[in-house]
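Data first, discussion second: the structure below is written as structure tokens.
Structural data, given as structure tokens:
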């Protein structure tokens, strides 16, 4: 006798059919309800998917610990030691070592960009820290010296850091050094307020979380494995790609083949307004402001390694040098106009590879030299502040 054919799938799975039918009905109902309410409400009403804008605090991630190794683009420079350089960041986003004392006699804060962050300088030779050490030894006082810098920062980023991170710790002195990144942002973007993916000030929190949800969850549960995979990928890309071919980290890549028109007086005016804002905020908040010029290897006759760095820049070496010098002149002028201390590193540090391994970044020797110069300039100011503190107590 022939076996009876199996029943149809629908007959064999009645419960699944019921669940599927209910799901389809609910989905269609919700969709229709959403369309009806959208028509009825005409877009009025709050929802959590709306943009949630925030101002980015440009700092290194609190509690970050990592090693930095000279990049492939640093290969032409022979005065930077090829090794790992430790970067540690405290819970408040300051580069360590930072807060040594609970009750210091004097607190200093340095604001700046990668020149101040000094990622390729030994931890205890970075000038924001070493300056404090030198001053302590000479003056016999307790000093906290904070490094509030971050790579790629400009003056507007430092103003944000000043307002939201520096003022609450009530330092005695705030020292700011910017130049190169301000020249670049004004040259390429024409304004500090721009939509550059890496330089913009305002971003959408919801969009950021959605775009990085997988990375956030991955690094929360397997941070070490994730890091090793990223490093392996980076090493592989370095081997496969020649030094000049990787434009993935070049935020200005699309502009480098286009002639850039710029207005130097307008650039300088915008820069000087930020300098003045820094000075004014510090004085209002009873913080002594100090400005520093930026040293460099910009000379009339630079060596080949420096000239090669400017092959992809949209203006000539001489034009860029001129803008860089003008911005340093602005720093000198604003310090003079406001009667505040100027530390002229551009004039004091020779434009030589012994101290500056590329165009603007110090090696260990340069950082130690900068620390000595900054210490010598700050010492009279600290003595004056200590006298004032003693007078107020009496």
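Residue numbers (our numbering): -18 to 375.
Ideal Cβ placement from N, Cα and C applies to all residues, glycine included.
Here the structure is a predicted model, which means the values were calculated and not measured.
Proximity to residue 88 across 68, 112, 66 and 212 peaks at 112, based on C-alpha coordinates. Residue 269 is bridged by DSSP to 154. The straight-line gap separating the alpha-carbon atoms of residue 265 and residue 85 is approximately 22 Å.
Look at residue 241 here: in three-state DSSP terms it is coil, with no helix or strand label. In the same chain as residue 332, and ignoring 5 residues on each side of it, the C-beta atoms closer than 8 Å to its own belong to 276, 277, 278, 279 and 280, in chain order.
By the C-beta criterion, the segment 359 to 371 is judged not to be in contact with the segment 300 to 309, since fewer than 3 inter-stretch pairs fall below 8 Å. Distance check between residue 140 and each of 302, 256 and 365 places 256 closest, using alpha-carbon atoms only. With the rule of 3 Cβ pairs closer than 8 Å, the segment 290 to 302 does not count as touching the segment 314 to 328. The segment 137 to 154 and the segment 100 to 108 do not touch, with fewer than three beta-carbon pairs separated by less than 8 Å. Across the structure, residue 341 and residue 15 are spaced so that their CA atoms are roughly 57 Å apart.
Within its own chain, the residues whose Cβ lies closer than 7 Å to the Cβ of residue 81, once the five positions on either side in sequence are excluded, are 125, listed in chain order.
Fewer than three pairs of CB atoms, one per stretch, sit closer than 8 Å, so the segment 187 to 196 makes no contact with the segment 125 to 138.
Taking 8 Å as the cut-off, the Cβ atoms of residue 134 and residue 93 count as close.
Taken through DSSP and simplified to helix, strand or coil, residue 33 comes out as coil. Around the C-beta of residue 65, fewer than 16 other C-beta atoms lie within 10 Å, and the residue is accordingly described as exposed. A distance below 6 Å between beta-carbons, with the five flanking residues on each side excluded, links residue 263 to the following residues of its chain, in chain order: 155 and 270. From the listed residues 373, 362, 365 and 356, the smallest Cα separation to residue 119 is found for 356. Residue burial is scored here from C-beta neighbours: residue -5 has fewer than 16 other C-beta atoms within 10 angstroms and is therefore classed as exposed. Here residue 96 is buried: its Cβ has 16 or more other Cβ atoms, across all protein chains shown, within 10 Å. In the DSSP assignment, residue 69 forms a beta bridge with 46.
Secondary-structure assignment with DSSP links residue 177 through no beta bridge to anything. Going by beta carbons, residue 330 and residue 302 fall outside the 8 Å limit. Per the C-alpha coordinates, the member of 36, 104 and 91 positioned closest to residue 67 is 104.
Sixteen is the threshold: since fewer than 16 other Cβ atoms of the shown chains lie within 10 Å of the Cβ of residue 247, the residue is exposed. For the options 51, 173, 4 and 27, the alpha carbon positioned closest to that of residue 216 is the one of 51.
About 19 Å separates the Cβ atoms of residue 34 and residue 197, ruling out a contact at the 8 Å cut-off.
In the structure shown, residue 26 adopts coil according to DSSP, grouped into three states. Taking residue 163 as reference, the option from 244, 114, 242 and 249 with the minimal CA-CA separation is 249.
Burial check for residue 101: the Cβ neighbour count within 10 Å reaches 16 or more, so the residue is buried.
DSSP, read as helix, strand or coil, puts residue 100 in coil.
Note on geometry: alpha-carbon atoms of residue 12 and residue 201 lie some 35 Å from one another. Only residues of its own chain outside the window of five on either side were considered, and among them 70 have a CB closer than 7 Å to the CB of residue 42, listed in chain order. Closest in C-alpha terms to residue 149, from the list 138, 90 and 170, comes 90. For residue 173 and residue 22, the gap between their C-alpha atoms comes out near 38 Å. If you look at residue 339, you'll find it isn't in any alpha helix (DSSP H); DSSP assigns it neither H nor E.
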